[in-house]
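Taking it in order: structure first as structure tokens, then the write-up.
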Amino acid sequence: MILDVTSKIRGMAHTWIDISDLITWNGHFTGIQRVVYSYASRFAGENARFFIYDPIDDRHVEVGFSMLDQLNAQVNNPPLSRRQRLKRLIGRPYYSLSIKQRAQLRPFVGIANHLARTVIHEIVDKGGPKSLFRNFTTARFEEGDLVVVIGAGWNMPKSLDRLCELRASTKIHIVQHVNDILPVYQPQLFADELPKLFGPYIEKAIRHVDVVTVISEATKRDVTIFCKEKGINMPVIEVVRLGEDIQAASIEKPALFPIEEGFVLSVGTFEIRKNYLLLYQAAKLAQLEGKEFPNIVIVGKRGWLTDDLAHVIAKDPYTRNKIRWISDISDGGLRWLYEKCMFSVFPSLCEGWGLPIVESLQYGRLCIASGVSSMLEVGDGMVDYFLPYDARACMDKILEYASGKYKASNQMIAKNYHPYTWDESYDQFKRAIGAHDSIS
């Protein structure tokens, strides 16, 4: 039986949405947080209930969706505890060093961290921190209730532990939304701690939930393989396409940006998985062969495992003005870049979906992207591809479109691309989370 989730929301049982990610996030919602907000804000219009996990008191707390802004202010700007003040004091000298100096000290960081934790433990009072949510009501899940976990639950694995205990005793139903399981199969692309957190979490989640929703056929294949490898009974796995429509901000040129046009844009966190090394290699190959390579503008916050690449790009006499990295930009500034660029390039090594591709299309700009994983599913046939390990193929595609071919592609996209809306995605998500016989 396929559940009419709307009727469940309005009936005796309740639908609960976990918004823990949103109240602890600082800044614009991107990636996972954008997905959580896009669905949660629509559930709010259908009288769903919302909760967060409080790790200090080890309980789920009911919150109102309308309190999100207020909670953000409380959580993101609390007075620093004595422990936090000490951590900042001890860590400040290291982070004031240059990238090169930090790299030289990196073998000793683990020892220093252990020593710092020992010192802090000895001098901080024993009272322990107090929860910001201590006056909030505990969420009361009842038999038949539907609990939907959309965000990065592996950051608070005890939340899942408590939900699984409730599922066994109270017979609630749990839906786990999964963007990807890349830390399981591509651990080399993440900081060491993430695969250690993510692997056990996702295994327990898939074993104990009623429905798993995923955002691509690629992720569904990965989850299916994972279940077979771990001996997990195959859960219901439903593919839900993410929304692609965005609210256009007022356009504004980024401050101190010297380029007016004729550049290629690449959007995504400046981390190893996004594979900006390939763009550097493509530019250097063009230089070696005497070919005119266009300016590249990378937009994304600093991520992990890219300090060396940032150093190389900034210090190389050829690329320091050829490849520009903007780590902080407004929505209006990003819109300006999309509207002024020739086209975009997305060289990522792997993705759960690939939102920068559809974002580019929505602004009427061609995107050339890696022809692997979910990126082959994105764009309704309006994307061109190269292999993410082939610098020559990447260079050739960039030069091919930069020669003027991009204009016809952009005209075709402006005429034919129609984004899948978040309202459509929400309706599909509601159908998906009711796709289990036990949820009725």
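In this text, residue positions in the sequence shown follow my numbering: the first is 1, and each later residue adds one. Just so it is clear, CB atoms sit at the ideal spot from N, CA and C, and this is done for glycine as well. Note that the coordinates shown come from a computational prediction; the quantities given were computed from them, not determined experimentally.
Inset, instruction - Give the straight-line distance between the Cα atoms of residue 159 and residue 277, rounded to the nearest whole angstrom. - result: Their backbone Cα atoms lie some 37 angstroms apart in a straight line.
Legend entry - Residue environment, residue 409, which counts as buried when at least 16 other CB atoms sit within 10 Å: Per the 10 Å Cβ criterion, buried.
Inset, instruction - Let me know the secondary structure DSSP gives residue 229 once reduced to three states. - result: DSSP places residue 229 in helix when its eight states are reduced to three.
Inset, instruction - Run the CB neighbour count on residue 193, radius 10 Å, all protein chains shown included, and call it buried at 16 or more, exposed below. - result: When all chains shown are included, residue 193 counts as exposed.
Legend entry - Under 7 angstroms between C-beta atoms of residue 154 and residue 185: Taking 7 angstroms as the cut-off, the beta carbon of residue 154 is found no closer than this to the beta carbon of residue 185.
Inset, instruction - Could I get the ranges of all uninterrupted alpha helix (DSSP H) runs contained in the segment 220–303, with 4 residues as the minimum, in chain order? - result: Those alpha helix (DSSP H) runs which fall completely within the segment 220–303 and span 4+ residues are 276–288.
Legend entry - Cα-Cα separation, residue 47 to residue 250: Roughly 32 angstroms between the two C-alpha positions.
Legend entry - Nearest candidate by alpha-carbon position, reference residue 264, set 351, 399, 50, 373: Residue 399 holds the alpha-carbon nearest to the alpha-carbon of residue 264 among 351, 399, 50, 373.
Legend entry - With 16 other Cβ atoms within 10 Å as the buried cut-off, status of residue 323: Its Cβ being crowded by 16 or more others within 10 Å, residue 323 is buried.
Legend entry - First through last residue of the beta strand (DSSP E) which encompasses residue 385: Run containing residue 385: 384–386, per the beta strand (DSSP E) assignment.
Legend entry - Coarse secondary structure for residue 367, derived from DSSP in three states: Reduced to three states, the DSSP call for residue 367 is strand.
Legend entry - residue 25 versus residue 291 - alpha carbon distance: One C-alpha to the other measures close to 44 angstroms.
Legend entry - At least three beta-carbon pairs within less than 8 angstroms, the segment 252–259 to the segment 332–341: Output reads yes: the segment 332–341 touches the segment 252–259.
Legend entry - Where residue 202 falls: helix, strand or coil (DSSP): In the structure shown, residue 202 adopts helical secondary structure according to DSSP, grouped into three states.
Legend entry - Endpoints, alpha helix (DSSP H) assigned at residue 170: Per DSSP, residue 170 belongs to the alpha helix (DSSP H) from 157–170.
Legend entry - Chain-order list of residues whose beta-carbon lies under 8 angstroms from that of residue 191 (same chain, five-residue window excluded): 304, 305.
Legend entry - Rounded straight-line distance, which links the Cα of residue 179 to that of residue 268: Rounded to the nearest angstrom, the two C-alpha atoms are 16 angstroms apart.
Legend entry - For residue 240 and residue 214, the rounded distance between their alpha carbons: Residue 214 and residue 240: Cα-Cα distance of roughly 6 angstroms.
Legend entry - Same chain only: Cβ atoms within 6 angstroms of residue 55, ignoring 5 sequence neighbours per side: These residues qualify, in order along the chain: 156.
Inset, instruction - Would you mind stating whether residue 343 and residue 401 have Cβ atoms separated by less than 7 angstroms? - result: Yes, these two residues count as a Cβ contact at 7 angstroms.
Inset, instruction - Output the distance between the C-alpha atoms of residue 63 and residue 166, rounded to the nearest integer angstrom. - result: For residue 63 and residue 166, the distance between alpha carbons rounds to 19 angstroms.
Legend entry - One or two residues paired with residue 146 in a DSSP bridge: Answer by DSSP bridge pairing, in chain order: 15, 173.
Legend entry - Where the alpha helix (DSSP H) containing residue 377 begins and where it ends: Premise fails: residue 377 is in no alpha helix (DSSP H) and is neither H nor E.
Inset, instruction - Could you spell out where the alpha helix (DSSP H) holding residue 336 opens and where it closes? - result: Unbroken alpha helix (DSSP H) run through residue 336: 331–340.
Legend entry - Buried versus exposed, by CB contacts within 10 Å (16 or more), residue 210: Burial of residue 210 is indicated by the presence of at least 16 other C-beta atoms within 10 angstroms of its C-beta.
Inset, instruction - Specify the secondary structure class of residue 38 as computed by DSSP and reduced to three states. - result: Here DSSP, grouped into helix, strand and coil, assigns residue 38 to helix.
Inset, instruction - With DSSP as the reference, please indicate the residues paired to residue 53 in a beta bridge. - result: 60.
Inset, instruction - Pull up the distance between the alpha-carbon of residue 195 and that of residue 426, whole angstroms please. - result: For the pair residue 195 and residue 426, the Cα-to-Cα distance works out to about 29 angstroms.
Inset, instruction - Please check if any C-beta of chain C sits within less than 7 angstroms of the C-beta of residue 36. - result: Absent from the structure is chain C; it holds one protein chain and no more.
Inset, instruction - Look at the alpha carbon of residue 177 and the alpha carbon of residue 288, and state the distance between them as a whole number of angstroms. - result: Spanning the alpha carbons of residue 177 and residue 288 requires a straight line of approximately 46 angstroms.
Legend entry - residue 389 burial status per 10 Å Cβ neighbour count (16 or more: buried): A residue is called buried once 16 or more other Cβ atoms fall within 10 Å of its Cβ, and residue 389, having fewer, is exposed.
Inset, instruction - Starting from residue 429, trace the alpha helix (DSSP H) both ways and give me its first and last residue. - result: Segment 422–432, the alpha helix (DSSP H) holding residue 429.
Legend entry - Counted within 10 angstroms of its Cβ, other Cβ atoms place residue 328 as buried (16 or more) or exposed: For residue 328, the number of other beta carbons within 10 angstroms of its own is below 16, and it is reported as exposed.
Inset, instruction - Just the C-alpha distance for residue 422 and residue 315, rounded to the nearest angstrom, thanks. - result: If you take the alpha carbons of residue 422 and residue 315, they lie about 42 angstroms apart.
Inset, instruction - Quick one: using the 10 Å Cβ neighbour count with 16 as the cut-off for buried, is residue 216 buried or exposed? - result: Flag for residue 216 reads buried.
Legend entry - Given residue 332 as reference, the closest of 381, 318, 248 once Cα atoms are compared: Nearest to residue 332 by C-alpha distance, out of 381, 318, 248, is 248.
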